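Our numbering puts the last residue of the sequence shown at 415; the count rises by one with no breaks.
Quick reminder that beta carbons are idealized off the backbone N, C-alpha and C, glycines included.
Predicted model only: the values in this text are computed from it and were never measured.
To keep things clear, I will list the structure first and then write my remarks on it.
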Amino acid sequence: MINLAATIMKLFPDSINIVDFLVKNDGAGEYIAIWNLTVAQPTQEQLNAEWIVMCKDEKILILDEECQNRILLSFTCDAVGNTFSFDAFDQINFNQQYIILIGDASVATVEWKTEDVGIKTFTREQFLQIIKSAENHKRSLRKKYWNLKAFVNNLATEDEINAVTWDTVVADDLYLE
239 MINLAATIMK
249 LFPDSINIVD
259 FLVKNDGAGE
269 YIAIWNLTVA
279 QPTQEQLNAE
289 WIVMCKDEKI
299 LILDEECQNR
309 ILLSFTCDAV
319 GNTFSFDAFD
329 QINFNQQYII
339 LIGDASVATV
349 EWKTEDVGIK
359 TFTREQFLQI
369 IKSAENHKRS
379 LRKKYWNLKA
389 FVNNLATEDE
399 INAVTWDTVV
409 ADDLYLE
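Structure representation (structure tokens):
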């Protein structure tokens, strides 16, 4: 249901609720009771359209946050059969270790902490596979976010927008690179 005051404040960011306009609800829904702005009062269609934009923006922010949270979770590298933490600190460490590997061909093994069996020694090739798995983990979640974002941007009603969650299944080709 449209939040009329918030929508007006979005359309007219310098306006002051109760001073420049007054929204009332007498039980049949919100309406603009007083309009003191020097610009024309927006039509209901304009207000509804802006409210849908606001709902989309809010849903996209929620989905982006969920994507970021999921990226920071662990991932499993099938090539080595282990699970690895991937918080921000771990991502920095993976990048640093990758730089060492590409800068020094003599590095044959890497000791790394897994989530499932503790510290383990990996060959250079195995660790490069782990780094690829980490990238795939991150990239697949970003792609899911991009597809959900495109899906939300194509919706027309507040109910449709509100129904979207991270688990909503959408076509993989909505986001075009």
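Asked                                                                                                   : Found
Any non-hydrogen atom of the ligand FAD closer than 7 Å to phenylalanine 250 Cβ                         : Summarising the ligand content, the structure contains no ligands, and the ligand FAD is consequently not present.
CB contact flag (phenylalanine 327, alanine 372, <8 Å)                                                  : no
Status (buried if at least 16 other CB within 10 Å, exposed otherwise) for leucine 285                  : buried
Best match in Cys315, Ile309 and Val257 for proximity to glutamine 367 [C-alpha to C-alpha]             : Cys315
Glutamate 396 and isoleucine 290 closer than 8 Å at C-beta                                              : yes
Among Lys376, Phe360 and Val407, nearest to arginine 308 - alpha-carbon criterion                       : Lys376
The stretch 382-393 contacting the stretch 291-304, beta-carbon criterion three pairs below 8 Å         : yes
According to DSSP, residues forming a beta bridge with glutamate 349                                    : Thr359
Sequence-distant residues of its chain with Cβ nearer than 6 Å to leucine 242 (five each side left out) : Val261 and Glu268
Exposed unless 16 or more other CB atoms sit within 10 angstroms - verdict on asparagine 320            : buried
With 16 other Cβ atoms within 10 Å as the buried cut-off, status of alanine 409                         : exposed
Selected residue, minimal CA-CA separation from leucine 310, among Arg380, Glu303 and Phe324            : Phe324
Under the three-state DSSP convention, the category asparagine 241 falls into                           : coil
Cβ neighbour criterion (16 or more within 10 Å) applied to valine 402                                   : buried
Contact check, glutamate 283 vs threonine 245, beta carbons under 8 Å                                   : no
Range covered by the alpha helix (DSSP H) that runs through asparagine 286                              : 282-309
Assigned secondary structure, tryptophan 404 (DSSP; H/G/I helix, E/B strand, else coil)                 : coil
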